[in-house]
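Visitor: Here it is, the structure, as structure tokens.
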Amino acid sequence: MSTLADEFDGFIIDLDGVVHLGWTPLPGAIDTLTTLMALGKRIVFLTNDPRYGRAAVAARLRGLGAAVDDDSVITSGWAAAVAVAAAGGSVYVIGSDELCAEVRAAGAPVVGAADAGRAENILVGGHSGFDYAELTAACRAGDNGARLFATNRDATFPMPDGPWPATGAILAAVETALGRRAISIGKPETGIFTIARDRLGVDRVAVIGDRPDTDIVGGRRAGLATILVQDGSALPLPAGDHRPDHVIPDLAGLVS
Ligand SMILES: [Mg+2]
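full-length UniProt numbering puts the first residue of the sequence shown at 1, with every later residue one more than the last.
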């Protein structure tokens with residue numbers, strides 16, 4: 001019996017809402033990853049969650065039972081850290097300690113709130129510690145002409161008790177205060193999909209995700225096949241730019 005997985009040699013797989021919810025694996029997801037790897041499929045995990053470093057994400061996936069190496073994880077935080085370091089100068093970060101570590105690892109100095117006025121760049125990545133002091137420090141940096149970057153624009157991320165505010169919600173506050181729009185690096189921007197595709201090194205590639213506005217739109221614009229994970233067949237299929245090539249109820253739908 002042929003399966004959807006047969007049509008592709010490599011997959012760019014979203015994490016939140018596809019492999020796990022919070023850090024609880026979704027039913028069948030880890031077994032499906034193991035099956036895909038046994039079939040020789042290439043896999044890169046691509047997440048817009050900027051709170052954790054790549055190694056930490058890979059370690060957590062291994063903890064769930066998936067044989068994942070650090071190089072197969074791409075986060076919006078890492079990609080944004082590389083982009084902001086390439087811009088040059090120091091960075092004031094609104095984000096987690098792990099995001100700050102990614103920025104330093106990319107080669108850019110990170111300055112604290114007290115020195116934010118001297119920063120050449122601001123990087124916004126959602127984290128639970130966001131507060132008025134961070135917003136004020138971003139104002140000081142922005143007022144002195146700092147470039148404004150963001151890891152992504154997702155308004156929320158899925159959790160077992162419902163959606164939680166994500167980078168986009170925090171970024172809206174920063175953009176409003178500064179009166180200008182950030183350069184966003186994560187999905188659906190084409191560049192991060194290109195990085196993921198190049199890392200796979202195969203031709204027949206599909207993007208798998210649960211968000212039409214990031215996973216599907218971004219995959220389409222990057223010229224890749226798209227597979228939407230959408231639980232509930234009664235839900236309407238997204239239209240236009242958001243319309244996927246395939247819909248599966250869960251990751252296991254790839255191999256069944
Ligand atoms: Mg997702």
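Cβ coordinates follow ideal geometry from the N, Cα and C atoms, glycine included.
Is residue 220 near ligand 1, going by C-beta to nearest heavy atom under 7 Å?
Guide: no
Visitor: Whole angstroms are fine: how far does the CA of residue 135 sit from the CA of residue 71?
Guide: 33 Å
Visitor: Indicate the three-state DSSP secondary structure (helix, strand or coil) for residue 176 in the structure shown.
Guide: helix
Visitor: For a test of the three-state rule: what should DSSP assign to residue 30, helix, strand or coil?
Guide: For residue 30, the three-state secondary structure derived from DSSP is helix.
Visitor: Any residue with its Cβ nearer than 6 Å to a heavy atom of ligand 1 should be included. What is that list in chain order?
Guide: 14, 16, 17, 18, 209, 210, 211
Visitor: Give the single residue among 140, 73, 147 whose Cα lies nearest to the Cα of residue 14.
Guide: Closest option to residue 14, Cα to Cα, is 73.
Visitor: Expressed to the nearest angstrom, what Euclidean distance is found between the alpha-carbon atoms of residue 92 and residue 231?
Guide: 39 Å
Visitor: Would you list the residues sitting across from residue 242 in a DSSP beta bridge?
Guide: Residue 242 pairs with nothing; no bridge assigned.
Visitor: Please report how far the alpha carbon of residue 5 lies from the alpha carbon of residue 226, in whole angstroms.
Guide: 12 Å
Visitor: If we call anything under 8 Å between Cβ atoms a contact, is residue 99 one with residue 51?
Guide: Contact flag set, yes.
Visitor: Since residue 159 contacts residue 22 with CB under 8 Å, what's their CB separation in whole angstroms?
Guide: That belief holds up - the Cβ atoms of residue 159 and residue 22 are roughly 5 Å apart, short of 8 Å.
Visitor: What do you reckon, are the CB atoms on residue 96 and residue 192 nearer than 8 Å?
Guide: no
Visitor: Where does the unbroken alpha helix (DSSP H) through residue 192 begin, and where does it stop?
Guide: 190–200
Visitor: Among the residues of its own chain, which have a CB less than 6 Å from the CB of residue 57, if the five just before and after it don't count?
Guide: 73
Visitor: Determine, using beta carbons only, whether residue 116 and residue 137 come nearer to each other than 8 Å.
Guide: yes
Visitor: Taking Cβ to Cβ, would you say residue 30 is nearer than 8 Å to residue 208?
Guide: no
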